[in-house]
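Q: Pasting in a structure now, in structure tokens, and then I'll have a few things to ask.
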Amino acid sequence: MNAEFFEALTMLEKERGLTAEYLIEKIKAAIVIAVKKDYEVEDENVLVEIDTVNGKFNVSLVRDIVEEVENPHTQLTLEEAQAIRKTYKMGQRVVTPLKTKDFGRIAAQTAKHVIRQGIREAERNQLFNDMQGKAHEIVTARVTRVDPDRGLVALDMGKGEAILPRSEQVPGEEFFEGQHVQVYVKDVVVTERGPRVIISRTSEQLVKRMFEMEVPEIFDGTVEIRAISREAGVRTKMAVWSKDENIDPVGACIGAHGARVGKIVEELHGEKIDVVRWSEDVSEFISAALSPAKVVKVEILEGDKKACRVTVPDHQLSLAIGNKGQNARLCARLTGYNIDIRPESGYYGEEEEQPAASSEE
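FYI, UniProt numbering numbers position 120 of the sequence shown as 120, with every residue one higher than the one before it.
Okay, structure coming up:
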């Protein structure tokens, strides 16, 4: 067991980056707990020695020399002590190594458990330390495990494993072992169960970061993403603005022949992306945000709430509203306005009103 144990420590240090000292301290503490339970002693009565240089592994009981023994695991008589070493005196402590058959089973089981636990804990800590500087950024990760029953996907993040829960997965998106995917690091937090990296494929920030990486004009600050709204897996709307009037912000994001936006659409497995021009003129912005539908008129309504009435050609009504109200909903979120969309001809003589799309939906 000793040889295998030290070989395992060496391997973990090389392959996992887990220091032997870290694991040894964990194993020592766990063996103390196991011996305490088996022998009904206290911490001070257990001594665990692990010598990585010489490959030695010993577990001993520390016993007090007393006149009358009440517990043989924590006490021994002077006569018994002097049988071990003649110089022992009353009141001194004697370290008695346990025989391999006595502690071997405990040590082996404990070491295996602690090594497994230590790997998980150390990886979580390493991942936490590595990811702290990558919060709110995109990371490319490799799928290591898929659990369809629980809807979980395990990802190798480089310094450890993170879980992509069903709630952060794009509906209908499939994963397989070995697949490389881009995820957005929403947050890196410390919980009662240890460090946790919260990752997402559904966040609108994932799309935003993708454009920042793909479009040099966004990366250098010439073009700004002023607003973004998303229904993951289906459609994203993004409003952009240029500091340089000579640079078309929409064209910069789309790229020649759609090359730039095409790469992002491919990574998102065909999710539609509408890039529109942001404007200080609210009516102009709302009109652009309803793309691909054409707008006849935008009326900003008076009142406490930000609301507007948009008129579109009759044949564009379905396009403006979108499937199950999706286009109107995304437009409302993008602009921050509740939007009531109407056809030019009105609804039955404008006596009946259609429900508005809310920016809070």
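Backbone N, C-alpha and C fix where the C-beta goes; we use that ideal spot for every residue, glycine too.
What's the gap between the Cα of asparagine 71 and the Cα of arginine 193?
A: The sequence position of residue 71 within the sequence shown is 71, counting from 1. The sequence position of residue 193 within the sequence shown is 193, counting from 1. About 38 Å.
Q: Rounding to the nearest angstrom, what Cα-Cα distance links valine 295 and glutamate 137 in this structure?
A: Locating residue 295 in the sequence shown gives position 295, counting from the first residue. Locating residue 137 in the sequence shown gives position 137, counting from the first residue. Each residue's alpha carbon lies about 36 Å from the other.
Q: What is the DSSP secondary structure of arginine 226, reduced to helix, strand or coil?
A: Residue 226 sits at position 226 when you count from the first residue of the sequence shown. Correct three-state label for arginine 226: strand.
Q: So, aspartate 156 versus threonine 144, is the Cβ gap smaller than 7 Å?
A: Start at 1 with the first residue of the sequence shown, and residue 156 comes out as number 156. Start at 1 with the first residue of the sequence shown, and residue 144 comes out as number 144. For aspartate 156 and threonine 144, yes; Cβs fall inside 7 Å.
Q: Please report how far the alpha carbon of glycine 336 lies from the alpha carbon of arginine 230, in whole angstroms.
A: Taking the first residue of the sequence shown as 1, we reach residue 336 at position 336. Taking the first residue of the sequence shown as 1, we reach residue 230 at position 230. Between glycine 336 and arginine 230, the C-alpha separation is close to 14 Å.
Q: On a Cα-Cα basis, can you pick out the residue from Thr19, Val46, Leu301, Asp38 that is closest to arginine 29?
A: Here the question's residue 29 lines up with position 29 in the sequence shown. What sits at residue 29 in the sequence shown is alanine, not arginine. Alanine 29 has its Cα closest to that of Val46, out of Thr19, Val46, Leu301, Asp38.
Q: In the DSSP output, which residue or residues are listed as bridge partners for serine 200?
A: Locating residue 200 in the sequence shown gives position 200, where the first residue counts as 1. Serine 200 is bridged to Tyr184.
Q: Roughly how many angstroms separate the alpha carbons of aspartate 43 and valine 35, rounded to a whole number?
A: Counting from one through the sequence shown, the residue named residue 43 turns up at place 43. Counting from one through the sequence shown, the residue named residue 35 turns up at place 35. About 9 Å.
Q: Tell me, please, which residues DSSP counts as bridged to proline 343.
A: On the sequence shown, position 343 is the one that residue 343 refers to. Paired residues: Val312.
Q: At which residues does the beta strand (DSSP E) containing proline 249 begin and terminate?
A: Counted from its first residue, the sequence shown places residue 249 at position 249. Element bounds for proline 249: not the beta strand (DSSP E) but the alpha helix (DSSP H), 249 to 254.
Q: Give the C-beta separation of isoleucine 225 and valine 240 to the nearest angstrom, bearing in mind that I take them to be a contact with Cβ-Cβ under 8 Å.
A: Position 225 of the sequence shown, counting from 1, holds the residue named residue 225. Position 240 of the sequence shown, counting from 1, holds the residue named residue 240. Yes, they are in contact, since the Cβ atoms of isoleucine 225 and valine 240 sit about 6 Å apart, within 8 Å.
Q: Please report the distance separating the alpha-carbon of valine 48 from that of alanine 162.
A: The residue you call residue 48 lines up with position 48 of the sequence shown. The residue you call residue 162 lines up with position 162 of the sequence shown. Approximately 34 Å, taken between the alpha carbons.
Q: Can you tell me whether residue 367 is helix, strand or coil according to DSSP?
A: Lying before the first or after the last residue shown, residue 367 is absent from the chain, which here runs from 1 to 361.
Q: Going by DSSP, which residues form a beta bridge with asparagine 58?
A: Taking the sequence shown and counting its residues from 1, one reaches residue 58 at position 58. Paired residues: Glu49.
Q: I need the boundaries of the beta strand (DSSP E) containing alanine 239, first residue and last residue.
A: Residue numbering aside, residue 239 sits at position 239 when the sequence shown is read from its first letter. Alanine 239 -> beta strand (DSSP E) spans 235 to 242.
Q: So threonine 140 packs on glutamine 182, CB below 8 Å; how close in whole Å?
A: Sequence index remark: in the sequence shown, residue 140 carries index 140 (1-based). Sequence index remark: in the sequence shown, residue 182 carries index 182 (1-based). The pair is a contact, with the Cβ atoms about 5 Å apart (cut-off 8 Å).
Q: With distances taken between CB atoms, is the gap from valine 114 to isoleucine 27 smaller than 7 Å?
A: Stepping through the sequence shown from its first residue, residue 114 is reached at position 114. Stepping through the sequence shown from its first residue, residue 27 is reached at position 27. Against a cut-off of 7 Å, the Cβ pair of isoleucine 27 and valine 114 comes out as a contact.
Q: Are the beta-carbon atoms of residue 405 and alanine 320 separated by less than 7 Å?
A: There is simply no residue 405 to check, as the chain begins at 1 and stops at 361 in what is shown.
Q: DSSP on valine 41, reduced to helix/strand/coil?
A: Stepping through the sequence shown from its first residue, residue 41 is reached at position 41. DSSP places valine 41 in coil when its eight states are reduced to three.
Q: Report the option in Asp64, Ala154, Asp304, Asp274 whose CA atom is closest to the CA atom of proline 249.
A: As a working mapping, residue 249 is identified with position 249 in the sequence shown. Nearest C-alpha to proline 249: Asp274.
Q: How many whole angstroms separate the CB atoms of phenylalanine 128 and valine 197, which I take to be in contact at a CB cut-off of 8 Å?
A: Stepping through the sequence shown from its first residue, residue 128 is reached at position 128. Stepping through the sequence shown from its first residue, residue 197 is reached at position 197. Yes, phenylalanine 128 and valine 197 are in contact; Cβ-Cβ is about 7 Å, under 8 Å.
Q: Once you ignore the five residues that flank arginine 166 on each side, which residues in its own chain have a CB closer than 6 Å to its CB?
A: Numbered from its first residue, the sequence shown carries residue 166 at position 166. Around arginine 166: Gly151.
Q: Please classify serine 345 as buried or exposed, where buried requires at least 16 other C-beta atoms within 10 Å of its C-beta.
A: Within the sequence shown, residue 345 is the residue found at index 345, counting from 1. Flag for serine 345 reads exposed.
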